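Visitor:
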Amino acid sequence: MEKTLDLKKSVAELVEEYPEVREIMAEVGFKEIMNPVALNVMGRIMTIPRGATVKGIDLAKVIAAFEEHGYTVLSDDAQSRQGRLRGFIERLSDGEELDSVRKDFVKEFSHVEAHEIMDAEQSLIKEGMPVSEVQRLCDVHSALFHGTASAPPAGALSHDEIHAQAASVDPNDMDALSEGHPLTILRAENHALEQLLDTITAEMDGAKRMDVMLTHMLSLGDLRMHYIKKEELLMPVLYDYGVTGPSQVMWGIDDEMKRELSMIIKALKADAETLPLYESRIRDLVQRVREMTFKEERILFPLSLRYFTQMEWYRAYHDLVTMGSSFDVDLPAWPEAQAWLDQEAARVADAPSGGALQFPTGTLTMEQLTAIFKLLPVDITFIDKDDVVRFFTNEGQVFTRPMSALGRDVMNCHPPEIIPVVRNLIADFKAKKRTQMVVYRRIREQPIRVQYQAMYDAAGEYLGTVEFVTDHAEALEKFRR
218 MEKTLDLKKS VAELVEEYPE VREIMAEVGF KEIMNPVALN VMGRIMTIPR
268 GATVKGIDLA KVIAAFEEHG YTVLSDDAQS RQGRLRGFIE RLSDGEELDS
318 VRKDFVKEFS HVEAHEIMDA EQSLIKEGMP VSEVQRLCDV HSALFHGTAS
368 APPAGALSHD EIHAQAASVD PNDMDALSEG HPLTILRAEN HALEQLLDTI
418 TAEMDGAKRM DVMLTHMLSL GDLRMHYIKK EELLMPVLYD YGVTGPSQVM
468 WGIDDEMKRE LSMIIKALKA DAETLPLYES RIRDLVQRVR EMTFKEERIL
518 FPLSLRYFTQ MEWYRAYHDL VTMGSSFDVD LPAWPEAQAW LDQEAARVAD
568 APSGGALQFP TGTLTMEQLT AIFKLLPVDI TFIDKDDVVR FFTNEGQVFT
618 RPMSALGRDV MNCHPPEIIP VVRNLIADFK AKKRTQMVVY RRIREQPIRV
668 QYQAMYDAAG EYLGTVEFVT DHAEALEKFR R
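My numbering applies: residue 218 is where the sequence shown begins, and numbers increase by one.
1) Return helix, strand or coil for residue 635, following the three-state DSSP convention.
2) With a cut-off of 8 angstroms, do at least 3 Cβ pairs link the segment 446–460 to the segment 619–629?
3) Taking C-beta to C-beta, are residue 671 and residue 646 nearer than 7 angstroms?
4) Taking Cβ to Cβ, would you say residue 682 is nearer than 7 angstroms to residue 636?
5) With residue 289 as the anchor, note down where its beta strand (DSSP E) starts and where it stops.
6) For the alpha helix (DSSP H) that residue 583 lies in, which residues bound it at each end?
7) Taking the C-alpha atoms as reference points, what is the distance between residue 397 and residue 554?
8) Can you tell me whether residue 531 is buried or exposed? The criterion is at least 16 other CB atoms within 10 Å of its CB, across all chains shown.
9) DSSP three-state label for residue 604, please.
10) If you drop the 5 nearest sequence neighbours on each side, which residues of the same chain put their C-beta closer than 7 angstroms to that of residue 656?
11) On a CA-only basis, which of 492, 513, 419 and 267 is nearest residue 470? Give me that one, please.
12) Assuming contact is defined by CB atoms lying nearer than 7 angstroms, are residue 737 and residue 633 in contact in what I supplied?
13) Reducing DSSP to helix, strand and coil, say where residue 680 ends up.
14) Am I right that residue 537 and residue 391 are in contact with their C-beta atoms under 8 angstroms? What's the rounded C-beta distance?
15) Which class does residue 573 belong to by DSSP, given the choice of helix, strand or coil?
16) Leaving out the 5 sequence neighbours to the left and right, which residues in its chain are closer than 7 angstroms to residue 535 when beta-carbon positions are compared?
17) Apart from the five residues just before and just after residue 609, which ones in its own chain have a Cβ nearer than 8 angstroms to its Cβ?
18) For residue 494, tell me which candidate among 502, 484 and 503 has the shortest Cα-Cα distance.
19) Rounded to the nearest angstrom, how far is the Cβ of residue 467 from that of residue 410, given a contact under 8 angstroms?
20) Can you round the beta-carbon distance between residue 481 and residue 434 to whole angstroms, since I take them to be within the 8 angstroms contact cut?
21) Are the Cβ atoms of residue 222 and residue 290 separated by less than 7 angstroms?
22) According to the neighbour-count rule (16 or more other Cβ atoms, all chains shown, within 10 Å of its Cβ), is residue 432 buried or exposed?
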């Protein structure tokens, strides 16, 4: 009897079908599969290609091992998918109508899982295709997610239906999460966001009252923090696992929508007669936000659930609570996570501090130094000589700084369009082409000063970069008086 191995199936499904799969996988490097717990938990949400990516094992080597044991391996050719996706992008670039491209996209990819499309996009980005070009496919995706060849109607699918289609993630896995779990909270924010979008749409279809619409747009401003949460708590961890494509594409579109929202709010505040002029832009923004919500539920959250370890979820919970609620969603406690965080805090507190720290101008204990940092009205971030985030204080609360950023490449902590700027700045600091950059800008209408300063030792060797962020609103107000 022919033995066929479908790489779209989960590892657990393949082991149930062919028990020897377990031993073959262990031979090529998947040692964890011999652990019954690992097989029953991760094996049910992990496919062989995805596992190879996580473990850094050459998939071709894995396939060859199965073929040696007489298996016929079934898989859609990744290079073929990439070529077809590239063709869709080129058609959009050539000016073809979105609906036409969308219909053909659904025909060709209706039987391909979402994560496979994301993998193909990620490969295109790695090959050098600009993220901005790959972003053009985002609106095309939505048709596939909603099972239609045309623009999806608002609210076409329930959350459960979307999850049921998610790549290798059972909807029950998402629903069974603790109420304090970060994904549970982010999903609740999405639900509240959808209700607000429904209210905005109803107002646009009805009275179109200027004061009411401005209030709704200001409420929609919570979108910024919701997006920051996913950009700083979920995306960087996925980067660490090599899953960069979805994050790069989503982050860029998030920024576009945040800028558009700010522009609309500014216009509505400036002139009460502006609403008719901005009606189409408000409707477009509402639709784009809806689509991003679907993509979070359909792609980002399932991917995160697949890759994150429990400790990574605990850290995300800590940072999410610090960031606070969006759209007035409750932040329920997660006792399991809090217990782990308390243990970590106690471990750090009990660690030997080495006594007093000697400085050129005196001595301080670690406790004293920590207390001083908490009193400084400035945000400080230190990036070491290897471009890794090593330290921050966040007392000024100008930018969010999640604990999960520590130990991470600084390039993975910024949106795609900013990465070249950061990379060039640090390169200049290392080459001593410049040693400082100061930027003055308004952030959420507050006057902010950001200083990037290169650090060198006594011999002139580069130590790293320190960022100082200061809110000058109070000082300016004092001087005006």
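Glycine included, each C-beta is placed from N, C-alpha and C at the ideal position. It should be emphasised that the depicted structure is a prediction, and the values quoted were computed from it without experimental measurement.
Guide: Looking at the coordinates:
1) The answer is coil: DSSP assigns residue 635 none of H, G, I, E or B.
2) Enough Cβ pairs lie closer than 8 angstroms, so yes.
3) Yes, Cβ-Cβ distance for residue 671 and residue 646 is below 7 angstroms.
4) No, they are not a contact pair.
5) That run of the beta strand (DSSP E) goes 288–291.
6) Its alpha helix (DSSP H) spans residues 583–592.
7) Going by the C-alpha atoms only, they are around 9 angstroms apart.
8) With at least 16 other beta carbons inside 10 angstroms of its own, residue 531 counts as buried.
9) If DSSP states are grouped into helix, strand and coil, residue 604 belongs with coil.
10) Around residue 656: 667.
11) The residue with the shortest Cα to Cα distance from residue 470 is 513.
12) This structure gives no information on residue 737, because the portion of the chain shown stretches from 218 to 698.
13) If DSSP states are grouped into helix, strand and coil, residue 680 belongs with the strands.
14) Going by Cβ atoms, the distance from residue 537 to residue 391 rounds to 17 angstroms, so no, they are not a contact pair.
15) In this structure, residue 573 counts as coil in the three-state DSSP scheme.
16) So the list reads 558 and 620, once near-sequence residues are dropped.
17) Answer for residue 609: 596, 597, 598, 599, 618, 622 and 623, listed in chain order.
18) If you compare the alpha carbons of 502, 484 and 503 with that of residue 494, the shortest gap goes to 484.
19) No, residue 467 and residue 410 are not in contact; Cβ-Cβ is about 15 angstroms, not under 8 angstroms.
20) Right, their Cβ atoms sit about 6 angstroms apart.
21) Result yes, Cβ atoms of residue 222 and residue 290 sit closer than 7 angstroms.
22) In summary, residue 432 is exposed, with fewer than 16 beta-carbon neighbours lying within 10 Å of its beta-carbon over all protein chains present.
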